[in-house]
Structures are given as structure tokens and as C-alpha cells.
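Trainee: Each residue of the sequence shown is one higher than the last, beginning at 1034 in our numbering.
The beta carbon of each residue, even a glycine, is placed where N, CA and C say it ideally should be.
Just so it is clear, the structure is predicted and the values come from calculations on it, not from any experiment.
This is the structure I want to talk about, given as C-alpha cells.
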Amino acid sequence: MQLMRGKKLRAEILRIIESKWPTYPTELCRTLELKESTGNISKMMYHIRKLEDQGSVRIKRIDRAMVVWPVKIEKLRVIHELISDF
1034 MQLMRGKKLR
1044 AEILRIIESK
1054 WPTYPTELCR
1064 TLELKESTGN
1074 ISKMMYHIRK
1084 LEDQGSVRIK
1094 RIDRAMVVWP
1104 VKIEKLRVIH
1114 ELISDF
């Protein structure tokens, strides 16, 4: 895979998160065919946090792992809870 940076990489990360959720930074590295090094995982976490700041994804820490999923799914979950109450 060609080397991506900045906004192109962030857009690709969001696309992967939307297609494979919930996911982890190491899974993103595998999908992007990057070595699972500390530097690459940190890069994924940086872009995930930027996506969270933009309101595109949700992040939750489970023990030492960071789990990420799209905000769209969170909205569907809330709608499902509202419908289930009736």
C-alpha cells in the first residue's frame, strides 16, 4: 500500500473504522499493511483521537486496549434503546 499521510490517512482510517467496527489501533495497522510497531500504533491513536475531536468516532479504553467505533453506530444504538422501550 502506498504511503499515506495527514488527512488522506485519517480519511482512510475512518473508512476502515466504519467498515470494521469495533476495531483497535493494531487492527488498523494490519489492515493498512503497516508493521505493528509502537510508532505506527501511536500514529493510529493520534488519528483516532483527531477523529474523536471531529465527532466522527467514539473511543473507549478496556483495560490497556483502545476500542473505537463510528458515531453513526452510537446513534443507532440510542435509537434502538428508544424504540425498545415501547
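Which value, in whole angstroms, describes the spacing of the CA atoms of K1108 and I1081?
Mentor: Approximately 19 Å, taken between the alpha carbons.
Trainee: What number of angstroms, rounded off, separates the C-alpha of R1110 from the C-alpha of I1049?
Mentor: Approximately 20 Å between the Cα atoms of the pair.
Trainee: From which residue to which residue does the beta strand (DSSP E) around R1091 run?
Mentor: Looking at the DSSP string, the run of the beta strand (DSSP E) that includes R1091 is 1090-1095.
Trainee: In three-state DSSP terms, what is M1078?
Mentor: M1078 falls in the helix class under three-state DSSP.
Trainee: Please return the same chain residues whose Cβ sits closer than 6 Å to the Cβ of V1100, not counting the five positions on each side in sequence.
Mentor: Closer than 6 Å at the Cβ level, and outside the excluded window around V1100, lie P1055, K1093.
Trainee: Between V1104, K1076, A1098, M1077, which lies nearest to S1089 when the distance is taken from Cα to Cα?
Mentor: Answer by Cα proximity: V1104.
Trainee: For I1095, does the count of other Cβ atoms within 10 angstroms reach 16, so buried, or fall short, so exposed?
Mentor: The residue is exposed, with fewer than 16 neighbouring Cβ atoms inside 10 Å.
Trainee: My assumption, with CB atoms under 8 Å, is that L1084 sits in contact with L1047. Please give the rounded CB distance.
Mentor: Yes, L1084 and L1047 are in contact; Cβ-Cβ is about 6 Å, under 8 Å.
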